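Numbering (the working numbering), first residue to last: 57 to 466.
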């Protein structure tokens with residue numbers, strides 16, 4: 057990668073020059089796309105599409121001399137709730153107008169596939185993203201959910217699947233099932249939702265020898281991601297096993313791992329960045345507070361428990377009945393989630409007053425900010441002040457945790 061630049065930086069710089077010169081042709085949204093979407097774009101969605109259009113329309117990038125000689129593989133890094141699904145709908149229309157007819161939509165969880173499918177297929181669904189009829193001139197363009205693609209389609213065909221099912225469909229011969237040979241005859245646009253779950257090969261330098269052509273029978277993250285993502289999606293489909301390919305892979309994720317290898321891998325793929333902080337600053341999401349700290353995992357959990365207790369006490373103070381504070385703890389993988397859950401239960405069931413003593417010197421571990429959404433240090437001070445003023449000690453907090461969060465209670 058030349059000059060340590062990222063694709064996102066290069067495209068943003070190009071766009072700034074175009075707009076300064078009054079030349080918006082390379083980033084102008086196609087009329088066909090805007091006309092056939094049910095909703096207008098938010099400014100960050102429009103900006104992301106402009107970046108994509110600049111990349112797609114320019115013949116070469118000197119900072120990435122080989123990028124136009126291989127199949128398009130881009131990543132849209134957008135916060136949850138910022139309208140990633142709307143972006144997918146826009147890109148489906150864009151590629152349809154370019155001549156693509158076959159779209160493969162996949163994630164790593166089947167329930168997400170089922171939930172998202174209605175947004176694209178069912179005009180009666182409340183969150184349907186297209187206009188009631190997709191029109192190209194006077195022609196109505198049908199949009200269909202399919203299990204196998206037709207070679208000659210008169211409309212948009214979308215196959216919804218999970219990574220595991222896609223891999224098994226390709227590698228196990230079954231009647232009326234899609235085959236790799238069938239897929240290699242087509243030009244595909246693949247849409248990967250929450251693809252940051254799927255980067256195991258980059259995250260781990262030590263890869264076990266897996267029999268890549270066999271079915272995935274288990275639920276191991278490493279097996280699904282190496283076989284299903286790296287092998288099937290990237291090697292077999294996007295790159296057609298090294299044969300000429302016009303296939304496209306568009307990934308969408310709210311959070312990209314900070315792992316240096318992953319960052320390097322995606323430096324020439326990230327086309328837009330609109331994270332949680334940016335989303336909050338736009339004022340279109342619920343008010344939340346971000347806490348930046350150097351606390352270890354157990355201390356972060358106990359810190360969250362302080363907030364849960366504090367919210368519960370405020371609810372009692374103002375007579376809010378049956379108030380139950382919610383805490384969500386995110387783990388990178390399913391395996392880590394199981395391990396973290398057991399650790400959480402152990403900490404909650406065995407917590408002692410002394411475990412919260414780190415809060416007395418917490419100021420060196422929390423980073424505060426003038427940003428209205430980054431007031432974790434101030435919020436912690438408020439909770440501790442409430443404890444002092446109302447005669448609560450850490451022993452009370454520890455007992456509350458045991459009573460509310462023991463396994464037999466949960």
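Just so it is clear, CB atoms sit at the ideal spot from N, CA and C, and this is done for glycine as well.
Model, not experiment: these values are computed from the prediction.
Once you ignore the five residues that flank residue i on each side, which residues in its own chain have a CB closer than 8 Å to its CB?
i           : result
residue 409 : 449, 450, 451, 453, 454
residue 153 : 86, 88, 89, 192
residue 413 : 450
residue 248 : 162, 163, 254, 289, 305, 306, 307, 308
residue 35  : In the structure displayed, the chain extends from 57 to 466; residue 35 sits before or after that span and is not available.
residue 156 : 243, 244, 245, 304
Name the DSSP beta bridge partners of residue i, please?
i           : result
residue 326 : 131
residue 389 : Paired residues: none, contrary to the question.
residue 317 : Answer by DSSP bridge pairing: none, since residue 317 is not bridged.
Beta-carbon within less than 7 Å of residue i's beta-carbon, same chain only, minus the 5 sequence neighbours each way: which residues are those?
i           : result
residue 438 : none
residue 284 : 219, 220, 222, 223, 272
residue 440 : 415
residue 123 : 117, 324
residue 387 : 393, 396
residue 379 : 368, 371
residue 373 : none
residue 23  : Residue numbering for the chain in the displayed model covers 57 to 466; residue 23 lies beyond these limits and cannot be assessed.
residue 70  : 110
residue 80  : 74
residue 447 : none
Just verifying my parser: in three-state terms, what is the DSSP assignment at residue i?
i           : result
residue 304 : strand
residue 63  : helix
residue 416 : helix
residue 383 : coil
residue 245 : strand
residue 93  : strand
residue 395 : helix
residue 311 : coil
residue 349 : strand
residue 69  : helix
residue 288 : helix
residue 357 : helix
residue 113 : helix
residue 375 : coil
residue 450 : helix
residue 444 : helix
residue 455 : helix
residue 250 : coil
residue 408 : coil
residue 298 : helix
residue 138 : coil
residue 462 : coil
residue 85  : coil
residue 108 : helix
residue 151 : helix
residue 344 : coil
residue 256 : At residue 256, the pLDDT of 42 sits below 50, so the modelled position is not reliable; the number obtained from the coordinates is stated separately. Here residue 256 sits in helix by DSSP.
residue 126 : coil
residue 98  : coil
residue 363 : helix
residue 338 : helix
What distance in whole Å lies between the Cβ atoms of residue j and residue i, which are believed to be in contact at a cut-off of 8 Å?
i           : j           : result
residue 162 : residue 217 : 5 Å
residue 407 : residue 458 : 6 Å
residue 168 : residue 92  : Going by Cβ atoms, the distance from residue 168 to residue 92 rounds to 24 Å, so no, they are not a contact pair.
residue 326 : residue 62  : 6 Å
residue 127 : residue 294 : 5 Å
residue 109 : residue 146 : Residue 109 to residue 146, Cβ: 10 Å. No contact.
residue 151 : residue 245 : 5 Å
residue 241 : residue 207 : 7 Å
residue 369 : residue 442 : 7 Å
residue 95  : residue 142 : 7 Å
residue 292 : residue 236 : 6 Å
residue 391 : residue 358 : With a Cβ gap of about 23 Å, residue 391 and residue 358 do not count as contacting.
residue 404 : residue 462 : 7 Å
Quick one: residues in its chain with C-beta nearer than 6 Å to the C-beta of residue i, no 5 flanking neighbours on either side, listed in chain order?
i           : result
residue 428 : With a pLDDT of 49 at residue 428, under the threshold of 50, the modelled position of that residue is not reliable, and the figure given next carries that caveat. Result list for residue 428: empty, nothing under 6 Å.
residue 183 : 175
residue 177 : 201
residue 198 : 211
residue 129 : 305, 325
residue 234 : 204, 225
residue 335 : 135, 138, 341
residue 215 : 160, 202
Quick check: is the beta carbon of residue i nearer than 7 Å to any beta carbon in chain B?
i          : result
residue 85 : Within the model displayed, chain B is absent; a lone protein chain is all it includes.
Closer than 6 Å: is that where the CB of residue i sits relative to any heavy atom of the ligand ATP?
i           : result
residue 146 : Here there are no bound small molecules, and the ligand ATP is not part of this structure.
- Query: In the stretch 153-239, which residue ranges form an unbroken beta strand (DSSP E) of at least 3 residues, counting only runs that do not cross its ends?
  - Reply: 158-163, 190-192, 195-197, 199-201, 212-218
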